[in-house]
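In mature numbering (1 follows the signal peptide of the UniProt record, and there is no 0), the protein residues as written are -28 to -1, 1 to 721.
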């Protein structure tokens, strides 16, 4: 035991001695001249709160020269990891510096007259003395990258260790790597298989293959003094990289913006409006609890909905916030149309698909450990089922239009109902907007203050700024036409398209009901335009018909040209909505005449529809073949017809289910998927759609380490998303959505 203890002590002393030796040369290193751009060296100081590493009584040389571009910088060799060989000619002399130390030495000289330079000098002295805070900053920084060739291009260091030093900040500059001399591209620039005996440049350099993660851009974490601006860090790091690049056979550049630096001192400012919203949420919770207690004490019968009809307006308004009444509203069945209850299952299924798609967008678009595995996803033909999954949105448009058209036409057919279509639009607006506004305000006033991380400023704070600027456009449902690059709430474009189309189709339905011939002619013209407009938009702009889920789009799809021009605009997404509206009206008329479809034709129609839907999705694969140039005519044809096909497929399923004899087995399935659990989950779909990006955005901003992404981790994350999202959607329904719906009915009746 004594021998073991002695050996352990000896090892500990050796490690400590090695660490001290590694830092001992910092202040006594020989010097060399770095050729710098003087304009870059004389960087501007950015205005944000900092705390100096220097004590107040540390003397400062006021006469120190300000021309730091010509000052000598400690030579990088003491910090370089070299390989000693007996046959120098056999090996390439390539050294990799200890970048945190090299940047510190460069910054201390280049910015000697500034707070940044003085703090870096103190940092080097403290590191030489093995002072805890300095060693902690050094330990949190990345010394050398690992896994870059496998696609692990985010070298994140240790965020929390860095920002726990009060006067330190965590920066994530991007190092751009190019060969010093032009390198030949692979024989096949789009290959995923590289010769292990070939040059590493073949894999490292960008070949233009959008399916792959770029290995030539490496995010490299550094822990630096908080007094240093992003520009000052970039200048110092750039100076070091220009020195070490040539021996590595590379040209190295660095890019760093202010949003990529975070410190403990830079917390979002809590404004009075933010506090007011938090108070509103607290008051709303108390109101719901009080109204529920009042309802419970009122000795109402179990069927609360029936009993409240005979109450006065005041009591109805109180019971609108009752948890018990709103839970009953959540579970009641809708008997508007035969087979409509099975819609609940379909809506639930497709909202899960939307959540899954956005989860993959977050997971694949940010630091991954196994990037090479993701590169191979789209090399498989059937991967198009995933890559072209955005067509699921057209299913939602079709279902929304069908149900709205059927219910509205049914109301118009009733002789006792007032034919005021403006009240229909107002009711829809009041139903959607309050919940929408609450989530918008939560994203602005609460989310930025409940977390932190390396990407918090570039994701959560950036989203807060977008929503602070454009929240008004969201609640007016015009945000899909205003500054798409700064779209607030990424999935909110769908709500804008849906509301705009609802307004249009409400007038169309009224015209069809009042003047059938004129109405159907107008509908035919609009339906034709809904196909022709996207055709000409895609053709004239020469853009892809699909927003491709490639690494460049994963990070922020708002930057994609197709997304801006053809994906979020109402005039290019109208076709499935028009098809759904027409099907809803025809279904209403068909039920009134007891129309039936024989079993053989029903099953044949289902089979044909399924094939058309599958072919529509799979045929998009031609746009994912990297060696195939984009054909504008093909893209325009596919982009204009794929949404029509999806709309027709969905409506054919609805019509055949409603009018067809599907047999005992299918009726059993319909009964199962029409059960109460799917009714509840479906009614929470709107809230789930509004909320689901919030936990994903939090996850994106607070990520500390690259993920190992595979099917298991993706499904596991999806399950977590669904549980959290539906729980929050339930609270939103009970506290906002259901009460506002009840109150709007009371006030508009």
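All C-beta atoms in this analysis are idealised placements derived from N, C-alpha and C, irrespective of residue type, glycine included.
query: Cutoff 7 Å; reference residue 49; Cβ partners in own chain excluding five residues on either side; result: Reliability fails at residue 49, whose pLDDT of 41 lies under 50, so the model's placement of it is uncertain and the value that follows must be treated cautiously. Excluding sequence neighbours, residue 49 sits near nothing in its chain.
query: Reduced DSSP category for residue 227 - H, G, I as helix; E, B as strand; rest coil; result: strand
query: According to DSSP, residues forming a beta bridge with residue 146; result: 191 and 227
query: Start-end ranges of the alpha helix (DSSP H) lying completely within the stretch 370 to 441, minimum 4 residues; result: 393 to 417
query: Neighbourhood of residue 506 by C-beta distance below 7 Å, restricted to the same chain and skipping five residues each side; result: 538, 544, 611 and 612
query: Outcome for residue 428 when other beta-carbon atoms lying within 10 angstroms are tallied against a minimum of 16; result: buried
query: Residue range of the unbroken alpha helix (DSSP H) whose run includes residue 559; result: 547 to 564
query: Nearest neighbour of residue 579, chosen from 549, 622 and 595 [CA to CA]; result: 622
query: Own chain, CB closer than 6 Å to residue 457, minus 5 neighbours either side, in chain order; result: 530
query: Test: residue 634 CB closer than 8 Å to a CB of chain D; result: Judged by its chain identifiers, the structure shown contains no chain D, having just a single protein chain.
query: CB-CB length for residue 147 against residue 105, believed under 8 Å; result: Actually they are not in contact, since the Cβ atoms of residue 147 and residue 105 sit about 26 Å apart, beyond 8 Å.
query: DSSP bridge partner residues for residue 569 (one or two, in chain order); result: 632
query: The beta strand (DSSP E) enclosing residue 716, as first and last residue numbers; result: That residue, residue 716, is in no beta strand (DSSP E); its alpha helix (DSSP H) goes 710 to 720.
query: CB of residue 634 within 8 Å of CB of residue 542, strictly; result: no
query: Environment of residue 721 [buried if 16+ CB atoms lie within 10 Å]; result: exposed
query: Residue 659 versus 411, 298 and 701, residue with shortest Cα-Cα distance; result: 701
query: Helix, strand or coil at residue 679 according to DSSP, with G and I counted as helix; result: strand
query: Proximity below 8 Å, CB of residue 190 to CB of residue 523; result: no
query: Cβ-Cβ distance between residue 421 and residue 168 below 8 Å; result: no
query: Residue 669 - DSSP class collapsed to helix/strand/coil; result: helix
query: Alpha carbon of residue 493 to alpha carbon of residue 557, nearest angstrom; result: 15 Å
query: Euclidean distance between Cα positions of residue 394 and residue 450; result: 19 Å
query: Neighbourhood of residue 471 by C-beta distance below 8 Å, restricted to the same chain and skipping five residues each side; result: 400, 401, 404 and 449
query: Cβ pair residue 341, residue 678 closer than 8 Å; result: yes
query: Unbroken beta strand (DSSP E) run spanning residue 198, endpoints; result: Segment: none, residue 198 is in no beta strand (DSSP E) and carries neither H nor E.
query: Sufficient close CB pairs (3 or more, under 8 Å) joining the stretch 129 to 145 to the stretch 223 to 230; result: yes
query: Per-residue DSSP class, three states only, for residue 283; result: coil
query: Residue 615 versus 599, 588 and 437, residue with shortest Cα-Cα distance; result: 588
query: Through-space distance from residue 194 to residue 138, alpha-carbon basis; result: 15 Å
query: One or two residues paired with residue 234 in a DSSP bridge; result: 142
query: C-alpha distance - residue 536 paired with residue 519, whole-angstrom precision; result: 10 Å
query: Cβ-Cβ distance between residue 670 and residue 419 below 8 Å; result: yes
query: Own chain, CB closer than 8 Å to residue 166, minus 5 neighbours either side, in chain order; result: 158, 174 and 175
query: CB of residue 152 within 8 Å of CB of residue 218, strictly; result: yes
query: Beta carbon of residue 207 nearer than 8 Å to that of residue 74; result: no
query: For residue 638, three-class secondary structure by DSSP; result: helix
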